[in-house]
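Note that the protein sequences, when read in sequence, are chains A and B. Sequence positions in the first sequence follow my numbering and run 2 to 425. Sequence positions in the second sequence follow my numbering and run 38 to 336. Beta carbons are placed, not taken as given, at the ideal position from N, Cα and C, and that holds for glycine.
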Amino acid sequence: MNKFLTKKLFAVYWFISVCVFILAILSISHYSIKKEISEQLQQKFSPILSKTFKLYMFDKNYLSYAKKEFNQQFKNSKSINKSDNVFTIIEDYHLSINSLFVENQTQQLNIIYIPWQFGLEAKLAQVSFEYRVNWWVLVMVSMFFSFVTVSILCSLPPPKSASHKSWLLLFKKLYIDDDVANQLSSKLNVDLTQKYYHDLQKGNAWLKDVLEDFLNDKRIQQELNIAEFVLWFIKKNHQQCQAQQENKAFNDVSLKKLKAALLQPNLNYDQSYLLAKEPCELSFNIDLLTVSANNIEIPLAKTPFFYYLYYAYLRVEDIHSGWLINPSVNTPDFDSAKKLLVLLNNYNGHSKSINELETHGLRAKTVDQNRNKIKEAFIAQLGEELSQNYLFEQVRDTRTGRFKYRLELNIEHILLPKNLIKTN
Amino acid sequence: MLKQASGICKVVKQKYSLLSYNQITYKLVVGIAYLLCVLLLSLIFWQKPVSPTLSEITFYQCDVENSLVSHKTLNVLLPIADHANNFAEMLCDNKLVSKYYSKVKVTWGGRSELTADELLKEQYQLLWARAESLQGMVLHLDDIYQEVLPSQAVNMFWLSNVDTAQLTPAFLANRVIGLVKDQKSFSSYLVPIASLKQQGFNLSNLSINYYDTYKSLYDAFKRKEVDLIPSGNWFSSFVDLDSYHKIAIGHQLETGELYMAKSIYSLELSCELVLVFSQYNPLFSESEIEFKTSQHCEY
Chain A
2 MNKFLTKKLF AVYWFISVCV FILAILSISH YSIKKEISEQ LQQKFSPILS KTFKLYMFDK
62 NYLSYAKKEF NQQFKNSKSI NKSDNVFTII EDYHLSINSL FVENQTQQLN IIYIPWQFGL
122 EAKLAQVSFE YRVNWWVLVM VSMFFSFVTV SILCSLPPPK SASHKSWLLL FKKLYIDDDV
182 ANQLSSKLNV DLTQKYYHDL QKGNAWLKDV LEDFLNDKRI QQELNIAEFV LWFIKKNHQQ
242 CQAQQENKAF NDVSLKKLKA ALLQPNLNYD QSYLLAKEPC ELSFNIDLLT VSANNIEIPL
302 AKTPFFYYLY YAYLRVEDIH SGWLINPSVN TPDFDSAKKL LVLLNNYNGH SKSINELETH
362 GLRAKTVDQN RNKIKEAFIA QLGEELSQNY LFEQVRDTRT GRFKYRLELN IEHILLPKNL
422 IKTN
Chain B
38 MLKQASGICK VVKQKYSLLS YNQITYKLVV GIAYLLCVLL LSLIFWQKPV SPTLSEITFY
98 QCDVENSLVS HKTLNVLLPI ADHANNFAEM LCDNKLVSKY YSKVKVTWGG RSELTADELL
158 KEQYQLLWAR AESLQGMVLH LDDIYQEVLP SQAVNMFWLS NVDTAQLTPA FLANRVIGLV
218 KDQKSFSSYL VPIASLKQQG FNLSNLSINY YDTYKSLYDA FKRKEVDLIP SGNWFSSFVD
278 LDSYHKIAIG HQLETGELYM AKSIYSLELS CELVLVFSQY NPLFSESEIE FKTSQHCEY
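Written out as structure tokens, the structure reads:
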């Protein structure tokens with residue numbers, strides 16, 4: 002049953018339908034009785050009447066006698082006037098003659114006119130019929146029939162709204178599965194205006210890929226409101242189309258990344274979109290001491306920020322190809338500590354960290370700790386999959402046998418602050 | 038594989054176009070579907086009443102008052118339906134009849150419908166019929182039936198709606214004569230035919246229309262379908278005889294004798310029956326002819 006149809010409305014339809022059925026069944030019954038009896042009597046009664054008055058000449062009594070006699074015949078055959086229908090809605094037909102010599106007939110509900118020949122004159126016998134209606138059965142049957150019909154008719158698919166249809170049209174172009182398209186279309190109760198539609202023509206290949214992928218992904222289905230996403234997509238697409246004239250809005254978006262981003266609970270669609278854009282970009286703001294991955298700000302504590310910046314610096318400046326070998330546990334790396342201290346001192350680093358570096362140098366433990374903090378911060382914000390691009394790759398140093406680390410990103414995708422002080 | 042896939046896509050497209058009907062079509066479809074359902078389901082209740090058993094009315098029956106016997110019926114056969122029930126009621130009220138009968142049944146039928154079998158079995162105890170036709174049916178009629186009242190002869194005439202009507206070839210040349218189909222009918226076939234033969238007409242040269250009943254004959258006359266019909270005074274109920282032109286027919290019409298079955302005959306009863314039968318006298322008296330009574334009864 003159609004979900005838009007409430008129970009109350011159904012009851013109203015049912016009630017009206019019961020009335021219609023009662024009326025229809027009564028009309029059909031009445032009409033059929035009238036027609037059948039009329040036909041039967043025309044066939045049988047007409048010749049009988051003609052014969053009965055064959056030898057008649059002038060006796061007025063004979064007329065009333067014949068009428069009385071025929072009425073008696075009708076009455077006697079009343080007992081067999083039962084229909085053989087399963088549901089006897091109409092019972093006990095009864096016929097009686099009003100008059101045998103009527104000239105003109107008038108339309109009346111329960112009067113039948115039987116034409117017959119009196120000599121050469123055409124006469125009409127006026128016969129009235131009565132019957133008893135079995136109301137109880139009639140109402141029950143009507144209720145049942147109404148229930149069945151109304152139920153069936155209400156389960157017919159309701160018409161689609163204009164927006165629904167335009168959505169369907171779009172999804173049809175995308176060759177998206179019928180049922181899914183229908184489901185989505187009914188959820189998207191936003192008019193797909195011509196403006197948007199035009200843009201979608203450009204972006205549809207991408208949307209198709211995304212939707213197809215999403216519709217096959219159970220996790221996405223569960224956690225993402227696809228309809229909402231599609232709406233967002235349309236608006237974004239429109240924005241981008243207007244901004245760029247040409248549709249390049251989604252060409253540089255990685256589907257895999259987007260999916261990962263969308264599944265991240267603390268990222269909205271726009272953020273996901275930014276993150277999914279290729280290539281991955283990392284930028285540092287030295288004034289605010291913040292780091293942004295694809296323009297998404299990642300909250301970092303002061304000290305890990307400087308460590309991260311130092312790794313980025315090494316990568317960008319291509320010092321040892323960006324690699325920083327972990328100091329050994331016993332001998333801290335005072336060389337690197339010195340360089341780090343330049344950053345910390347110049348950009349308002351934490352005094353406690355400065356002290357530590359000055360006194361103990363760069364210790365393996367501190368480096369590991371801060372790298373882990375950076376990793377945690379990224380994963381907390383972006384999730385493991387997306388974070389990986391911005392984090393470290395590690396290799397065992399063949400000379401020292403210790404691990405060395407560097408940023409995975411390419412040099413050109415790391416944006417260091419322009420006025421960053423050179424440390425060497 | 039690719040072709041197959043695109044084929045599937047086409048099917049999908051078609052399915053969409055099926056779904057995309059608007060609000061008005063939807064309402065129309067639902068409305069029409071509903072009405073069809075109502076009509077089809079109501080048609081289950083098309084009634085087929087068993088037709089009543091009917092038969093033509095050919096007799097009148099009544100119970101005799103204060104009857105002294107049981108299950109004995111006095112059967113009477115008359116050639117006309119008029120006054121039959123009156124006649125029957127009078128017999129039922131009759132004291133003498135009540136001595137012998139518990140019921141009276143007066144039947145009417147065309148004179149030609151009586152069969153020899155009915156005569157021989159004495160199905161009718163009282164019979165109004167012509168001697169000629171009865172004698173033609175059985176030998177020794179006198180052994181079975183006793184005549185209780187002689188036949189009354191009545192005058193007949195041709196009736197025409199043309200004032201100058203006369204039985205001449207010139208007048209009848211382009212006129213139509215109306216008769217009754219029943220070739221045993223004295224009044225409307227035999228007597229008028231005899232009258233025409235007497236005038237020397239060749240019947241095959243005359244245009245004659247035949248009708249089923251007297252009523253039809255007179256209806257046709259009133260409609261001027263025919264110009265000349267045989268008639269007598271007793272037909273005054275059908276047409277106003279005085280407003281038409283009459284040509285006398287020399288031959289008188291015998292209306293038939295009243296017979297009583299020999300097996301029940303008694304003078305007393307026969308006289309009583311004749312007395313009751315006298316209710317038909319007006320039929321004959323209009324003919325201005327002497328009324329014949331039974332010779333044996335005293336009134």
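Residue i versus residue j - alpha carbon distance
i	j	result
Ser84 (chain A)	Val13 (chain A)	Since pLDDT at Ser84 (chain A) reaches only 49, below the 50 mark, its modelled position is unreliable, and the value read off the structure follows with that caveat. Roughly 33 Å separates the two Cα atoms.
Asn82 (chain A)	Arg148 (chain B)	Residue confidence for Asn82 (chain A) is low, a pLDDT of 46 falling below 50, so the modelled location carries little weight and cannot support an answer.
Leu240 (chain B)	Asp264 (chain B)	16 Å
Leu56 (chain A)	Ala118 (chain B)	5 Å
Leu64 (chain A)	Leu80 (chain B)	40 Å
Gln189 (chain B)	Asn103 (chain B)	34 Å
Leu435 (chain A)	Ile113 (chain A)	What is shown of chain A runs 2 to 425, which leaves residue 435 (chain A) out entirely.
Gln220 (chain B)	Pro187 (chain B)	23 Å
Phe208 (chain B)	Asp277 (chain B)	23 Å
Phe102 (chain A)	Leu304 (chain B)	44 Å
Leu312 (chain B)	Leu204 (chain B)	40 Å
Glu409 (chain A)	Glu394 (chain A)	6 Å
Gln223 (chain A)	Val211 (chain A)	16 Å
Ala378 (chain A)	Tyr391 (chain A)	11 Å
Arg316 (chain A)	His414 (chain A)	11 Å
Gln240 (chain A)	Lys339 (chain A)	48 Å
Gln84 (chain B)	Leu10 (chain A)	34 Å
Within chain B, partners of residue i - CB distance below 7 Å
i	result
Pro159 (chain A)	Tyr63
Lys45 (chain A)	Ser88, Leu91
Asn62 (chain A)	Asn122, Asn123
Lys219 (chain A)	Simply none; closest approach about 23 Å.
Phe75 (chain A)	Pro89
Thr53 (chain A)	Glu93, Ile94
Gln41 (chain A)	Ser88
Amino acids of chain B, ordered along the chain, whose beta-carbon sits closer than 9 Å to that of residue i
i	result
Ser78 (chain A)	Val87, Ser88, Pro89, Thr90, Leu91
Residue i, DSSP secondary structure in three states
i	result
Asn122 (chain B)	helix
Ala302 (chain A)	coil
Gln108 (chain A)	coil
Gly237 (chain B)	coil
Val113 (chain B)	strand
Trp324 (chain A)	coil
Lys1 (chain A)	There is no way to answer for residue 1 (chain A), as the model of chain A reaches only from 2 to 425.
Glu394 (chain A)	strand
Gln43 (chain A)	helix
Ser88 (chain B)	coil
Gly350 (chain A)	coil
Asp93 (chain A)	strand
Leu416 (chain A)	strand
Thr7 (chain A)	coil
Gly384 (chain A)	helix
Gln60 (chain B)	helix
Tyr57 (chain A)	coil
Gly215 (chain B)	strand
Ile230 (chain B)	helix
Cys242 (chain A)	helix
Thr291 (chain A)	strand
Glu70 (chain A)	helix
Closer than 8 Å at the beta carbon, the chain A residues around residue i
i	result
Asp279 (chain B)	In chain order: nothing, as chain A lies at least about 16 Å away.
Chain-ordered neighbours of residue i on chain B, where CB pairs are closer than 8 Å
i	result
Thr150 (chain A)	Tyr71, Cys74, Val75, Leu78
Ser33 (chain A)	Phe82, Trp83, Gln84, Lys85
Ile38 (chain A)	Pro86, Ser88
Contact list for residue i against chain A, beta-carbon separation under 7 Å
i	result
Ile117 (chain B)	Leu56, Met58
Exercise for the section: Please list the residues of the segment 80-113 of chain B that have a C-beta atom closer than 9 Å to any C-beta atom in chain A, keeping them in chain order. Expected result: Leu80, Ile81, Phe82, Trp83, Gln84, Lys85, Pro86, Val87, Ser88, Pro89, Thr90, Leu91, Ser92, Glu93, Ile94, Thr95, Tyr97
Problem - Length at least 3, wholly inside the segment 279-322 of chain B: the beta strand (DSSP E) runs in chain order - result: 282-291, 294-298
Practice task
Enumerate, from N- to C-terminal direction, the unbroken alpha helix (DSSP H) stretches of 4 or more residues contained entirely within the segment 128-213 of chain B.
Solution key: 132-137, 153-157, 168-174, 178-181, 206-209
Exercise for the section: Could you run through the segment 10-29 of chain A and flag, in chain order, every residue whose CB is less than 7 Å away from some CB of chain B? Expected result: Val21, Phe22, Ala25, Ile26, Ile29
Exercise for the section: Residues of the segment 244-258 of chain B with a CB closer than 9 Å to any CB of chain A: list them in chain order, please. Expected result: Tyr248, Asp249, Thr250, Tyr251, Lys252, Ser253, Leu254, Tyr255, Asp256, Ala257
Problem - Residues, ordered as in the chain, of the segment 122-151 of chain B that lie near chain A by beta-carbon distance below 9 Å - result: Asn122, Asn123, Trp145, Gly146, Gly147
Handout entry: Under 8 Å (Cβ pairs) to chain A, residues found in the segment 66-77 of chain B
Key = Val66, Val67, Ala70, Tyr71, Cys74, Val75, Leu76
Handout entry: Residues in the segment 113-145 of chain A having any Cβ partner in chain B nearer than 7 Å
Key = Phe119, Gly120, Leu121, Glu122
Practice task
Run through the segment 124-179 of chain A for me and flag every whole alpha helix (DSSP H) of 4 or more residues, listed as ranges in chain order.
Solution key: 136-155, 163-174
Exercise for the section: Identify every run of the alpha helix (DSSP H) within the segment 212-240 of chain A, keeping only runs that are complete inside it and at least 4 residues long; order them along the chain. Expected result: 219-224
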